[in-house]
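Counting in full-length UniProt numbering, the first sequence runs from 1 upward without gaps. Ideal placement from N, C-alpha and C gives every residue a C-beta, glycine not left out. These numbers come from a predicted model, not from an experiment. The block underneath contains the structure these notes are about, expressed in structure tokens.
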Amino acid sequence: MQTALLDWFAQHARDLPWRHTRDPYRILVAELMLQQTQVVRVLPKYEAFLAAFPDLATLAAAPTAEVIRRWAGLGYNRRAVNLQRAVQMVLQEHGGVFPRDVVLLRQLPGVGPYTAGAVACFAFEQDVAFMDTNIRRVLLRTHYGAAQVDVPGERALLAVAERLVPAGQGWTWNQALMELGALICTAATPACQRCPVRPMCRAYGEWQVTDAATILAMGAPLRTQAAQPRQRAAERRADYRSETSFVGSRRWYRGRIVDLLRPLPPERSLPLAELGSQLKPDFTPDEMAWLDELVQGLIRDGLVVMEDGAVRLP
DNA sequence: AATCCGGGGTA
DNA sequence: TACCCAGGATT
């Protein structure tokens, strides 16, 4: 499996900016931006952000409001605050030298199991294993097949990932796994016909059998594609259901508030009542409690500060 | 283990 | 509409 995937990656890897550096600061910026956010949407923001904050010290010293402004369009604005706090911690608690150990990396705000492993691997080229949505999907299919039952837990899957990392090639291997998940072994309609590890993929074998059985039973004409999974319970995240009508949701209003505060000149703040009326045209005083609760949440996240009943970016 | 946290693209 | 995306923090 290793050789086939590494050869494929050498041929088909996308040219992504964060693959040209081993600077842990630049890697961390990329990984924070990429949390739950597609590569194509990070691409236009990444270089612009680094142009504004070229190094760790610049970002650490910048006004948080400016960091939040530069984060516009990426979503999950807490990540911007976490990122700045993380580099401030590197500066203050590690003398400006990025920790290499995943246990220490893990202590930085906004850095969980995935990001700690990714920084250790992609910045410091350590042969570590970690799990993201791409790697998880690829390994589930290759090693556990198409079945939706008896899916392994995260521990077992991580153990599989660790066993696969080729010595001395952790960087390329993990990039390749993620690239395969992003380009070939996609969630809805995997392009098995172009997959370099198809011969050793358990799911592909099972889909072939399913396809053949269908042909026998139905007399269906031969298809060029193997049968595809109709649903993937194990890969499904918890909060997909009823996320309909995002507009008007709490998350949506949080985003609107930050959007309203972003263009304000430095140190200018917006009275709560004014914020309410800008948020929704028919804003009434009895909705003030609702607005205040919303703002309190943003304050807890470090995205907003309030003084004298007026709010602004920190 | 469940929820919350943005936003935009796609079938 | 439902799904999906280089996850993390909180409870």
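Going by DSSP, Ala-57 is part of no beta strand (DSSP E) but of the alpha helix (DSSP H) stretching over 56-61. The beta carbons of Ala-129 and Val-165 sit closer together than 8 Å. Between Leu-32 and Gly-110, the C-beta spacing is below 8 Å. Counting C-beta pairs closer than 8 Å gives fewer than three between the region 192-207 and the region 27-41, which falls short of the contact rule. Only residues of its own chain outside the window of five on either side were considered, and among them Arg-22, Pro-24, Ile-27 have a CB closer than 6 Å to the CB of Ala-123, listed in chain order. Distance from the CA atom of Ala-80 to the CA atom of Ala-52, rounded to whole angstroms, is 14 Å. A direct Cα-to-Cα measurement between Pro-271 and Ala-156 gives close to 52 Å. A distance of 8 Å or more separates the beta carbons of Arg-268 and Leu-294. For Glu-307, the uninterrupted beta strand (DSSP E) run begins and ends at 305-307, by DSSP. Between Ala-65 and Leu-298, the C-beta gap is not smaller than 8 Å, which leaves the two residues out of contact. Here Leu-140 is buried. Its C-beta has 16 or more other C-beta atoms within 10 Å. Short of 7 Å from the beta carbon of Pro-152, and not among the five residues preceding or following it, lie these beta carbons of its own chain, in chain order: Tyr-144. When the Cα atoms are used, Trp-173 and Trp-18 turn out to be separated by approximately 16 Å. The beta carbon of Pro-113 is closer than 6 Å to none in its chain, skipping five residues each way along the sequence.
Using a Cβ distance threshold of 8 Å, Leu-91 and Leu-43 do not count as a contacting pair. With 16 or more other Cβ atoms inside 10 Å of its own Cβ, Phe-9 counts as buried. Within the same chain, Cβ atoms closer than 6 Å to the Cβ of Asn-134 are found at Met-178, Gly-181, Ala-182, the five residues on either side in sequence being excluded. Inter-residue distance for Asn-77 and Thr-189 is about 31 Å (C-alpha atoms, whole angstroms). For the pair Leu-275 and Val-311, the CB atoms are nearer than the 8 Å cut-off.
With a 10 Å radius around the Cβ and a threshold of 16 neighbouring Cβ atoms, Thr-3 comes out exposed. Around Leu-279, the same chain offers Tyr-253, Arg-256, Ile-257, Leu-260, Leu-291 as residues with beta carbons nearer than 8 Å, after the five sequence neighbours per side are excluded.
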